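Residue numbers (this note's numbering): 18 to 508.
C-beta: ideal position from N, C-alpha, C; glycine also.
Since this is a predicted model, take the numbers as computed values, not measurements.
A short write-up of the structure that comes next.
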Amino acid sequence: MAKGLPKRSDDYSAWYNELVKKADLAENSAVRGCMVIKPYGYAIWEKMQQTLDKMFKDTGHSNAYFPLLIPKSYLSKEADHVDGFAKECAVVTHYRLKNAEDGSGVVVDPEAKLDEELIVRPTSETVIWSTYKNWIQSYRDLPLLVNQWANVMRWEMRTRLFLRTSEFLWQEGHTAHATESEAIAETKQMLEVYADFAENFMGVPVVKGVKTANERFAGAVDTFCIEAMMQDGKALQAGTSHFLGQNFAKAFDVKFSDKDNKLEHVWGTSWGVSTRLMGALIMAHSDDEGLVLPPKLAPIQVVIVPIYKGQEQLDAIAEKVKVIQKELQALNISVKFDDRDALRPGFKFADWELKGVPVRMAMGQRDLENGTVEIARRDTKEKNTYQLDNVVETVQQLLEDIQANIYQKAFDYRESHITKADTFDEFKDLLENKGGFIAAHWDGTGETEDKIKELTKATIRCIPLNNEQEEGACIYTGKPSTQRVLFAKAY
Numbered sequence: 018m019a020k021g022l023p024k025r026s027d028d029y030s031a032w033y034n035e036l037v038k039k040a041d042l043a044e045n046s047a048v049r050g051c052m053v054i055k056p057y058g059y060a061i062w063e064k065m066q067q068t069l070d071k072m073f074k075d076t077g078h079s080n081a082y083f084p085l086l087i088p089k090s091y092l093s094k095e096a097d098h099v100d101g102f103a104k105e106c107a108v109v110t111h112y113r114l115k116n117a118e119d120g121s122g123v124v125v126d127p128e129a130k131l132d133e134e135l136i137v138r139p140t141s142e143t144v145i146w147s148t149y150k151n152w153i154q155s156y157r158d159l160p161l162l163v164n165q166w167a168n169v170m171r172w173e174m175r176t177r178l179f180l181r182t183s184e185f186l187w188q189e190g191h192t193a194h195a196t197e198s199e200a201i202a203e204t205k206q207m208l209e210v211y212a213d214f215a216e217n218f219m220g221v222p223v224v225k226g227v228k229t230a231n232e233r234f235a236g237a238v239d240t241f242c243i244e245a246m247m248q249d250g251k252a253l254q255a256g257t258s259h260f261l262g263q264n265f266a267k268a269f270d271v272k273f274s275d276k277d278n279k280l281e282h283v284w285g286t287s288w289g290v291s292t293r294l295m296g297a298l299i300m301a302h303s304d305d306e307g308l309v310l311p312p313k314l315a316p317i318q319v320v321i322v323p324i325y326k327g328q329e330q331l332d333a334i335a336e337k338v339k340v341i342q343k344e345l346q347a348l349n350i351s352v353k354f355d356d357r358d359a360l361r362p363g364f365k366f367a368d369w370e371l372k373g374v375p376v377r378m379a380m381g382q383r384d385l386e387n388g389t390v391e392i393a394r395r396d397t398k399e400k401n402t403y404q405l406d407n408v409v410e411t412v413q414q415l416l417e418d419i420q421a422n423i424y425q426k427a428f429d430y431r432e433s434h435i436t437k438a439d440t441f442d443e444f445k446d447l448l449e450n451k452g453g454f455i456a457a458h459w460d461g462t463g464e465t466e467d468k469i470k471e472l473t474k475a476t477i478r479c480i481p482l483n484n485e486q487e488e489g490a491c492i493y494t495g496k497p498s499t500q501r502v503l504f505a506k507a508y
């Protein structure tokens, strides 16, 4: 099978775009900036979704659903919020079409103009907090811990499948609390949930940190984040958790009676991850032959390819495969028996390699006679022959080893690409020739942050949590600094 993938070293962007399409993950839709997520791609997203959903429920959250359309007036109630999203909003102005008088098709009916325009949700804080006003009266109603799985729209001019599309899928948690400390604890707890998921399921190491004021979510007091590094040395924001203070509660007058019967505004949080995680998964692990998927998120963890001549041999192999398949599935290991008779084994090997299946088994007549099976692992491409009697235990161990190896490889790359810079020339040289995270001193001002971004396209990805305090001088202005922050070019 000719995969036709560009090499990462030649054109990383082209490699990514082609891999997404050739691995049957997604494709561009007829609507510019939007995508069709294909069944195999959606199966990976479903595993992400199911895993995260359980983690949310284990921490006390419940799912709900809120409207796609938001009255324009709602966005006007929180000034920073509307300013942050105004340029990305899609607006519904009419509610009816009619046939054109010249028979050319349908046109907007000018008589069907809405009294108030509706915004296709870019995020749901405003519509949710307007609802919370009706749900919260007393301290007994708190904390309110709600999550929503939904789609959102943020009008994008430059798009790339999964990484940046006008419409994307995500989850957004929105919680209300009686005290500031409870809301901050919730914000940090959900950051830990995201970090746990990224590292232990996606196999992607992340830096936990807080955003600068310039990079903070519109309407938040503080934005916490997890930052990942891709194989081209660029950063990717993999999740955010926002402490909203009382900003939205005050904007929508959400109050509760405390134990002393005194009216107080509640404290809020919001947090979310999106199908952008699909992009992170692809770019953190995959190689020039295709996807490399961590076993915990692979839709198919094991594929079995028969090598046979004639129906009789295939039937004998299939009989043995059924037993193995049943035993593996009993351990919640997903197995695919690829008995497509119109395709050669070599084509199938290349096809499943492209799609990142962690473990591939090949079984022929000689294997049946010898009681053996050939097993290849996707991450290292190693192939070995194993005894059929122990194949279930072997596969279990291999999946654990692959999960650990994928994480370790990404971790080692990330660690080797965190570099200190003490001068602006050194900073620019590292950005141009090495990439990765650059730990550098910054004077703490938005003006300096903007100037560095203008000159280098690098942004402050985060101020790491538990950052070491260190006296130094800002790489750009020379002004005093008390700690290093992480800069990088980013997606």
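Q. Residue 121 to residue 114, Cα distance in whole Å?
A. Spanning the two alpha carbons is a distance of roughly 13 Å.
Q) Alpha carbon to alpha carbon, what distance is there between residue 190 and residue 411? A) Roughly 40 Å between the two C-alpha positions.
Q. Apart from the five residues on each side of it in sequence, which residues of its chain come closer than 6 Å, Cβ to Cβ, to residue 237?
A. In the same chain as residue 237, and ignoring 5 residues on each side of it, the C-beta atoms closer than 6 Å to its own belong to 259 and 261, in chain order.
Q.
Taking its Cβ as the centre, do 16 or more other Cβ atoms sit within 10 Å of residue 450, making it buried, or is it exposed?
A. So residue 450 ends up on the exposed side.
**Q.** Alpha carbon of residue 216 to alpha carbon of residue 130, nearest angstrom
**A.** Distance between the alpha carbons of residue 216 and residue 130 is about 49 Å.
Q) For the candidate residues 319, 428 and 169, whose alpha-carbon lies nearest to that of residue 395? A) Residue 395 has its Cα closest to that of 319, out of 319, 428 and 169.
Q: To the nearest angstrom, report how far apart residue 427 and residue 433 are at their CA atoms.
A: Between residue 427 and residue 433, the C-alpha separation is close to 10 Å.
Q. For the alpha helix (DSSP H) that contains residue 96, what are its first and last residues?
A. That run of the alpha helix (DSSP H) goes 96 to 102.
Q: List the endpoints of the continuous beta strand (DSSP E) containing residue 258.
A: Counting along the chain, the beta strand (DSSP E) containing residue 258 begins and ends at 252 to 262.
Q: Would you tell me roughly how many angstroms separate the C-alpha atoms of residue 313 and residue 420, rounded to the nearest one?
A: Between residue 313 and residue 420, the C-alpha separation is close to 7 Å.
(Q) Among 490, 305 and 494, whose alpha-carbon lies nearest the alpha-carbon of residue 501? (A) Looking at the Cα atoms, 490 is the closest of the given residues.
Q) How far does the beta strand (DSSP E) with residue 32 in it reach, from first residue to last? A) Not the beta strand (DSSP E): residue 32 falls in the alpha helix (DSSP H), residues 29 to 39.
(Q) Given this structure, state the Cα-to-Cα distance separating residue 269 from residue 144, to the nearest angstrom. (A) Those two C-alpha atoms are separated by around 10 Å.
(Q) Please report the straight-line C-alpha distance between residue 276 and residue 153, rounded to a whole angstrom. (A) Rounded to whole angstroms, residue 276 and residue 153 show a C-alpha spacing of 14 Å.
Q.
Using the three-state DSSP reduction, which class does residue 403 fall into: helix, strand or coil?
A. Collapsing the DSSP output to three states places residue 403 in a strand.
**Q.** Environment of residue 377 [buried if 16+ CB atoms lie within 10 Å]
**A.** In this structure residue 377 is buried. Its beta-carbon is surrounded by 16 or more other beta-carbon atoms within 10 angstroms.
Q. Is there contact between the stretch 152 to 170 and the stretch 243 to 256, where contact requires at least three CB pairs shorter than 8 Å?
A. Of all C-beta pairs linking the stretch 152 to 170 to the stretch 243 to 256, fewer than three are shorter than 8 Å, placing the two stretches out of contact.
Q | residue 506 and residue 415 closer than 8 Å at C-beta | A | Cβ distance not < 8 Å, so residue 506 and residue 415 don't count as in contact.
Q) Between the C-alpha atoms of residue 316 and residue 64, what's the straight-line distance to the nearest angstrom? A) So the two alpha carbons sit approximately 7 Å from each other.
Q.
On a Cα-Cα basis, can you pick out the residue from 496, 287 and 255 that is closest to residue 224?
A. For the residues 496, 287 and 255, the minimum Cα distance to residue 224 belongs to 255.
Q: Work out the CA separation of residue 363 and residue 292 for me, nearest whole Å.
A: Those two C-alpha atoms are separated by around 32 Å.
Q.
With distance defined between alpha-carbon atoms, name the residue in 406, 135 and 73 nearest to residue 92.
A. Residue 92 has its Cα closest to that of 135, out of 406, 135 and 73.
Q: Assuming residue 305 and residue 22 form a contact by the criterion Cβ under 8 Å, report the distance between their Cβ atoms to the nearest whole angstrom.
A: Their Cβ separation, rounded to whole angstroms, is 6 Å, which keeps residue 305 and residue 22 in contact under 8 Å.
Q. What residue does the beta strand (DSSP E) around residue 286 start on, and which one ends it?
A. Looking at the DSSP string, the run of the beta strand (DSSP E) that includes residue 286 is 284 to 291.
(Q) Using only CA atoms, which one of 222, 251, 465 and 200 lies nearest to residue 240? (A) The shortest CA-to-CA distance from residue 240 to any of 222, 251, 465 and 200 is the one to 200.
Q: Report the three-state DSSP secondary structure of residue 18 (helix, strand or coil).
A: Because residue 18 carries a pLDDT of 45, less than 50, the predicted location of this residue cannot be relied on, and no value is offered for it.
Q: Leaving out five residues on either side along the sequence, give the residues of the same chain with a beta carbon under 7 Å from the beta carbon of residue 18.
A: Residue placement at residue 18 is flagged as unreliable, the pLDDT there being 45, under the threshold of 50; the coordinate-derived value follows with that caveat. If we look at residue 18 and ignore the five residues flanking it on each side, its Cβ neighbours are 364, 367 and 368.
Q) Hey, which unbroken runs of the alpha helix (DSSP H) at 4 residues or more fall wholly within the stretch 32 to 83? A) As far as the stretch 32 to 83 is concerned, its whole alpha helix (DSSP H) runs of at least 4 residues are 56 to 75.
Q: Grab me the residues of residue 185's own chain with a C-beta within less than 6 Å of its C-beta, minus the 5 sequence neighbours each way, in chain order.
A: Result list for residue 185: 291 and 292, in chain order.
Q. Name the DSSP beta bridge partners of residue 170, please?
A. As DSSP reads the structure, residue 170 sits in a beta bridge with 184.
**Q.** Whole-angstrom distance between residue 475 and residue 210, CA atom to CA atom
**A.** Taking the straight line from one Cα to the other gives about 28 Å.
Q: Can you give me the Cβ contacts of residue 208 inside the same chain, cut-off strictly under 8 Å, excluding the 5 residues immediately before and after it?
A: Here the set comprises 225, 241, 242, 243, 256, 258 and 288.
Q: Would you give the residue range spanned by the alpha helix (DSSP H) that residue 132 belongs to?
A: In the DSSP annotation of this structure, residue 132 is not part of any alpha helix (DSSP H); the continuous beta strand (DSSP E) holding it starts and ends at 130 to 137.
Q: Using alpha carbons as the reference points, say which of 62, 24 and 27 lies closest to residue 296.
A: Looking at the Cα atoms, 62 is the closest of the given residues.
Q: Specify the secondary structure class of residue 117 as computed by DSSP and reduced to three states.
A: Of the three classes helix, strand and coil, the one that applies to residue 117 here is coil, per DSSP.
Q: Classify residue 243 as helix, strand or coil using the three-state DSSP reduction.
A: Under the three-state reduction of DSSP, residue 243 is assigned to strand.
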